[in-house]
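Below is one structure, written out as structure tokens; comments come after it.
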Amino acid sequence: MATAGRAPASIDSVVYADTASHSSGNDGTATNPRGIPYAPFVDRVEDYVATREEVEPTLRSFQEMISKYQFMEMNLQRRMAGLKDKIPEIQKTLDTVRFLKLRKANVMLSYTTDEAETLLSSKLATANTSLSHCEEDLDFLREQITTMEVATARVYNWEVVQKRKDKAGEEVTKVMQSRCRKMGYRVQADASLTGTGPKFGTGRAFAKQNNLRHATSDGPRCRTRPGGLSLRSHGQPIVRNSTRKLLEHMSSSQLLEKVLGRNPYADSWRKRIAKFRTIRLSILLLQEILRQEELQSAGGSGLLELLPTLEENRAILKHPSLAGHTQKAIERYVHILRGQDDEERCKRYLEDPTSIPLFIFHFLLRRSSGISDPVTLQRMIESSHAYYGSNRADNTILENNRQNIRDGSEKMLDIDRANFNLIMRLLVHHCRRLEPRFVVKLADSAAQYIQNMPISAEGERKVYITQCDIFNGCLQILRPLPHVQVAQRSTPNAYFWEAQRILLSMSAGLSKPLLVDRGGFRAIREVLSGQAKNHAEAYSAARHAPSWPPYLQPGHGMDERTEPEDNWSRAVSAGMLMQEAGFAKDEVDDAVDILQGMTQDGTPTIQQRAMVSKSRRIGVWEASIRATRNAQEAWDRFRNPPKEGMKPGLHQYSAMFEKLVLREVESDGSISPGDKALNFSTQHEANLAEFERARLRPPSISELYQHMRLNGVQPDGPCLCILVANAASLEIAHQYLRDSPEKSRIIRNLIAEEPDAGPLRLVRMGLFAAYLQVCLRVEGRRAGDQLKRVIRLAESRLSHEQSRWAPFIWGSILKELSQHHHALRISLHQQLDLMLRVMDAIEKVDGVQLSTFTQFHKGVRKTVRQQLNNVFTKDAEKKAFTKSPLAQALFYQMCMASVDNVHPRRSLLHREVGQEDSSLMAGAEVLLLEEAKARIKYMFWTLEQRERHARAYLDGYQIAPLEAMNSRRDAARSDHAHDYMLTLGYLGEFEEMGRLLEWLIQQWGQFDVVSAVNEMEEAPPHADFFETLCVFRLVAEPMLGNDRVSTLLQTLAESGLNWTWPDDEAVKTYAEVHHDESISTLRREEKMMAMRRAPWHGDMRAVDKDGLGDHEYEAAIVRRDSYGSQ
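Everything in the sequence shown is counted per my numbering, starting at 13 for the first residue and increasing by one.
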């Protein structure tokens, strides 16, 4: 039997280990001279298998041996190709040396001619010998593969014969049983299947004494009505047998979720729970919760009469299985479960998490849990150690794992491996949703659990197998899942790789390293596929020829001498290790190789930074379409399937549509193909005629869609979402929806002007988000109406459920709201009000997030910029600039609460869109603008505080400093900081701009970060703050004064950062290079701030009026007087 591969000892060995196979005959196995073992010859199948149960493992073992031989064959073929290339080169060099020696040439060489001749002759002989050995080994391997294929066929044929014999025997048995029944004999089944199992004497006696139904015992027989209701003579509520079985077999955490979770049928479950009589702790807690709720609400629902009486409760609590739960403990359990929401329940639990039943912990961490604060998740991770740590409390409460018997009482048992796996899955699920970087903490916990697993009576081998199972299970858990994480939000893959590296390092440190199975290898490859390219991969990508297919061009003189595996990506190398371990690749594995830079025949492709979702099996053809640089190359792959005659299906069309809708990359050269989902320009062949270029040009979306429909393929799934989201018009999107296999009534309701909420919830969230995107792109007179309709749709669809699409949907609406309010056909007041309303909705479902913060402040900035342009273009004769409410808001420093005292705005979701509040005065937009400014600053510092806590929690892990900075969830990246600096400039928040710059210097001035940046020839894009400094100098520096700027310059100098402080010429160049509407408006503001050359407390004549219009001059005076009064 083949064994799985061992986990390598380090990170480097996982992805760069030599993939050559090393087999020897030290264990007595017969081998050829190079150590390749002989394949076993199956003469008698019975020598290998005795029963049909052994056939499958034997065939699997044979297949793994065939895979190993095929892997060796591929390596030898590759080695032979290299030798055939090197031998002529060595021979040519040797001939040259002999010629020089013959001519006695006086040439400066690294060796003497005699030494060179000896060295080259030795290398030539060695190469010829190696080539001869490779040829012999290839013939030997082909013989062994044939032998194994014959052995596989013989075992398979033997199984076919045995199936026929077994089937004949079963038919005889059935005939005999039928005859016995006709003769009146009773045919007994297997006792192990029909037995009632052991009896619980104490529990049964107690239940009989107190007229209770034990949750897992047979109990007293009850008379039953035809309708299935149990009759009890003492007046207890009647419970159907089906309901009783349902409640008895359902886990405690599921019962809690049915009643306390977001369940539309919660009322029905409440009645079932109230009627039921049992000693299960979870049901007793639910009944106590129902009792308290009924007493508080004056018993309007009638549940109080169905609940057990106080005397019954006292009798139940005396049951032996509940002896560990005092009345005080039960009150505490109820207190936790009665929290208003999951966040509050977790906080109550964390007040004292000791001795809390495990099923309550499972309920708090269920997949539908509404935990929203990463700090709460962090504390839940820490508290989970009590349920599987080495210092387990003896009073940990667990549910009995019932199989053949069902014991409804809560047992005082230690946690088993199934509970550990469940806790890990639940915690990782919430980490993916809230803070993916916390997975490294879970990896630490898993490594400690596996290391400290005690040796049981079952023996070391059994424990080792269990450790391998848990180890591989954790490798598969600790990987990102796109269908779980928030839609359109980046994933910090470096932390998932660090989590897997922790487990691999733990395995390598054991006396007997754990074995990595197929699932473990695939999980490692998935994480590596989502990683940014390292130096070797980036260099290999830079060598791709611009032609198609993209062969590798030599980059320097050493590239010709490298082996092919030196150019493999880490994911491809891990795949080779998987093959070497005996796991044959299937189509999914080949597709991953193609996406990561290598086809099945070894030719290069464009390595994509993309993860293959576990929920969908991607094929080779689809992967080849995606592993291209642009739509033209993708179209070439689309027209040339892997096998002749194959017809494109939905997945192939989906990949092609995705390539057609991608935007072109900017020509800055900082992004290489495959790094992002962008189209890179095609290298046109100069010799191609215009007709040939037209033939190679990819079709348009409409042409490809017509091609798809003619082939009988309906748009569905991701393909439908891509088409709808990128449709040229709303009418075309409606046609795509009608052509899809979605139910017609659901589609009719979705495209209706006022859809019903019920059918709307049946639309898949991905399709719903795509439809809203096309609705938001409607222009002209209908734009405002469509925007209001989209907001109504989003409120109706997202108000009753948690969805990973909610932040993306609301963010798209927020982006659309930044248009000019005239284009939306609403007032400025309504525009600002809608922005704040949407922010309320986003924070309600997703809290404060970086993507939301960025979209919100950019929308406010765009709105302010549009109003500034209107003010600047007013008629010069009106002389009304200083009286403008916008000028008052931007150029006077209004009395505002500090950031620490700013409270989120009261929700306005109850208002109708466009409805004006009569209590608001003419300057209401100024108040809304001030509220928006306060919220922007509040969000920034909230993100900063949360990130500070997260970094303190994650301190000590081996994440590259620049990668850690790139994964931060605040505005520390250069692109986020630049956008925020621009926004603060438009809002007149100059002091906040100085505070932002000081904070950036502190964050990037950490020693390890400074060292990492200084070691690089050029800072990565997310660490380049030159443009941010230009904005600061352009806007904030003139208003802050020399003292403040000097302090910032001194702080920058002391930090060790090599940031270049831009001079006046650099600022001017920056403004000219970025001469769009945003920078041009800021430049006009910069001209208005020309008064920096005059003292603050001077008269109007002290302001230089050169280059300023009348209104700009007045604004400069307003700003000067405003700061002078301070």
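For each residue, glycine too, the CB sits at the ideal point set by N, CA and C.
Residue state for residue 493 is assigned as coil, using DSSP reduced to three classes.
Secondary-structure assignment with DSSP links residue 610 through a beta bridge to 616.
The segment 499-509 makes no contact with the segment 547-554; the number of CB pairs closer than 8 Å stays below 3. About 44 Å separates the beta carbon of residue 844 from that of residue 715, a gap too long to meet the 8 Å contact definition.
Here residue 1052 is not bridged, per DSSP, to any residue. Spatial neighbours of residue 596 in its own chain (CB-CB distance under 6 Å, excluding positions within 5 residues in sequence) are listed in chain order as 79. With a threshold of 16 other beta carbon atoms within 10 Å, residue 976 meets it and is buried. Taking a cut-off of 8 Å for Cβ pairs, the segment 292-310 and the segment 379-388 do not touch, as fewer than three such pairs fall below it. Residue 458 and residue 480 have their alpha carbons spaced roughly 12 Å apart.
The DSSP-derived three-state label of residue 836 is coil. Runs of the beta strand (DSSP E) lying entirely within the segment 1013-1085 and spanning at least 3 residues: none are present. Annotation: residue 725 is outside any alpha helix (DSSP H) and is labelled neither H nor E by DSSP.
Of all alpha-carbon atoms in 612, 126, 643 and 988, the one lying nearest the alpha-carbon of residue 710 is that of 643.
827 is the residue among 760, 758, 275 and 827 whose C-alpha sits nearest the C-alpha of residue 799. With a beta-carbon spacing of about 16 Å, residue 814 and residue 775 fall beyond the 8 Å limit used to define contacts. Around residue 81, the same chain offers 153, 156 and 157 as residues with beta carbons nearer than 6 Å, after the five sequence neighbours per side are excluded. Counting the other Cβ atoms within 10 Å of the Cβ of residue 58 gives fewer than 16, which makes it exposed.
When 116, 109, 137 and 115 are compared, the shortest CA-CA separation from residue 127 is found for 109. In this chain, the alpha helix (DSSP H) harbouring residue 960 covers 936-965. With the rule of 3 Cβ pairs closer than 8 Å, the segment 585-594 counts as touching the segment 536-543. Taking 9 Å as the cut-off, the beta carbon of residue 400 is found closer than this to the beta carbon of residue 432.
Using a Cβ-Cβ distance cut-off of 8 Å, the segment 981-990 and the segment 508-523 are not in contact, since fewer than three pairs of beta carbons, one from each stretch, lie closer than that value. The closest CA to that of residue 526, considering only 441, 316 and 472, is found on 472.
Between the alpha carbons of residue 955 and residue 359 lies a gap of roughly 21 Å. Collapsing the DSSP output to three states places residue 575 in coil. Cβ-Cβ distances below 7 Å link residue 601 to 587 in the same chain, with the five nearest sequence neighbours on each side left out; the list follows chain order. Residues of the same chain with a CB within less than 7 Å of the CB of residue 785, apart from the 5 flanking positions on each side, are 737 and 824 in chain order. Going by C-alpha positions, residue 780 is about 43 Å away from residue 1010. Where residue 993 is concerned, the enclosing alpha helix (DSSP H) starts and stops at 986-998.
In this structure, the beta-carbon distance from residue 96 to residue 132 does not fall below 9 Å. Here residue 968 is exposed, its C-beta having fewer than 16 other C-beta atoms within 10 Å.
Burial is judged here by how many other beta carbons sit within 10 angstroms of a residue's own beta carbon; residue 865 has at least 16 and is buried. DSSP places residue 745 in the uninterrupted alpha helix (DSSP H) bounded by 742-751.
In this structure, the CA atom of residue 313 is about 22 Å from the CA atom of residue 294. By the neighbour-count criterion, in which 16 or more other beta carbons inside 10 Å mark a residue as buried, residue 70 falls on the buried side.
Beta-carbon to beta-carbon, residue 1006 and residue 1052 are separated by about 5 Å, close enough to satisfy the 8 Å threshold.
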